[in-house]
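Listed in order, the protein sequences are those of chains A and B.
The numbering used here puts the first residue of the first sequence at 257, with every later residue one more than the last.
The numbering used here puts the first residue of the second sequence at 7, with every later residue one more than the last.
Glycine is no exception: its CB is placed at the ideal position from the N, C-alpha and C atoms.
As the structure is a computational prediction, the values presented were derived from the model and not from experiment.
Have a look at the structure below before the remarks.
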Amino acid sequence: SQQGEEDPQALSIQEGENATMNCSYKTSINNLQWYRQNSGRGLVHLILIRSNEREKHSGRLRVTLDTSKKSSSLLITASRAADTASYFCATVNTGGFKTIFGAGTRLFVKA
Amino acid sequence: DARVTQTPRHKVTEMGQEVTMRCQPILGHNTVFWYRQTMMQGLELLAYFRNRAPLDDSGMPKDRFSAEMPDATLATLKIQPSEPRDSAVYFCASGLSQSAKNIQYFGAGTRLSVL
């Protein structure tokens, strides 16, 4: 079974709008990461948030983490057509090196 | 520009044939991961190595799949014999265990079609 479960499964928005994706997980984590995958390509690391952090920013990306609820969210502000891709959350368990990816959210940004 | 290199990019084969996929991790990285991605199952971890030693291959069907790292610059994933249900995109990723972050750098994948 997968550790991270994203929702929504798919999201369609207009360029300029904000996109929010959520991720829930089941066990204790060392950190949580978000990756992006363009069609036909490999995953690319976007941002990492440690278990003792609550919020992280990188450019137009904002990630929050609530360890009490075992959930995270990724916000992309002022979206662009080029943000169209699948976004995956990935958790790294405490004491281990194993990373488990969620099922992903497919984001479509209409120009 | 350091990147993970996977070959071949595409492979079409017939059921029963052996398939070998290769991965060159980023120079200096000491962990290698193999994933399989399908629409139905998403991204599944098949195996991972640290310092060329296999740490976990519990996600890999043992009867037909095998993963090795003959040296630090090459990882291989073999399927013998291949079956139509093995059709998927196979990704290799590498990283640095010392960073304690486990950020992974992915190759472009091998798209496998078994007829």
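Check                                                                                                                                           : Outcome
Endpoints, the beta strand (DSSP E) within which Gln-23 of chain B is located                                                                   : Unbroken run through Gln-23 of chain B: none, as it is neither H nor E.
Which listed residue (B:Ser-64, B:Leu-121, B:Phe-97) has its alpha carbon closest to that of Thr-11 of chain B                                  : B:Phe-97
Among B:Leu-33, B:Asp-63, B:Gly-115, B:Met-45, nearest to Ala-8 of chain B - alpha-carbon criterion                                             : B:Leu-33
Chain A contact for Lys-107 of chain B (CB, 7 angstroms cutoff)                                                                                 : yes
Inter-stretch contact (C-beta, 8 angstroms, three-pair minimum) for the segment 355-367 of chain A and the segment 301-311 of chain A           : no
Residue from A:Ala-341, A:Val-319, A:Ser-329 with nearest C-alpha to Gly-263 of chain A                                                         : Just to set this straight, residue 263 of chain A is Asp in the shown sequence, not Gly. Closest option to Asp-263 of chain A, Cα to Cα, is A:Ser-329.
Spatial distance of Val-25 of chain B from Arg-362 of chain A (CA atoms)                                                                        : 30 angstroms
Residue(s) in a DSSP beta bridge with Met-277 of chain A                                                                                        : A:Leu-330
Ser-314 of chain A burial status per 10 Å Cβ neighbour count (16 or more: buried)                                                               : exposed
Helix, strand or coil at Arg-91 of chain B [DSSP, three-state]                                                                                  : helix
Chain-order list of residues whose beta-carbon lies under 8 angstroms from that of Arg-15 of chain B (same chain, five-residue window excluded) : Ala-114, Gly-115, Thr-116, Arg-117
Residues from the segment 29-40 of chain B in contact with chain A, defined by Cβ distance under 9 angstroms                                    : Thr-37, Phe-39
Beta-carbon separation (whole angstroms), Gly-303 of chain A vs Leu-317 of chain A, contact threshold 8 angstroms                               : Sequence inspection shows Ile at residue 303 of chain A; the Gly mentioned does not correspond to that position. Sure, about 5 angstroms apart at Cβ, within 8 angstroms.
Separation of Asn-274 of chain A from Arg-58 of chain B, as counted between CA atoms                                                            : 43 angstroms
Within chain B, the residues that Asn-287 of chain A reaches when beta carbons sit closer than 7 angstroms                                      : Lys-107
Cutoff 7 angstroms: Ser-257 of chain A Cβ touching any chain B Cβ                                                                               : Low confidence applies to Ser-257 of chain A: its pLDDT is 39, below 50, so where it sits in the model is not reliable enough to give any reading.
In DSSP terms, what Gln-47 of chain B is bridged to                                                                                             : Beta-bridge pairing links Gln-47 of chain B to no other residue.
Stretch-stretch touch, CB-based, cutoff 8 angstroms, three pairs: the segment 85-94 of chain B with the segment 266-282 of chain A              : no
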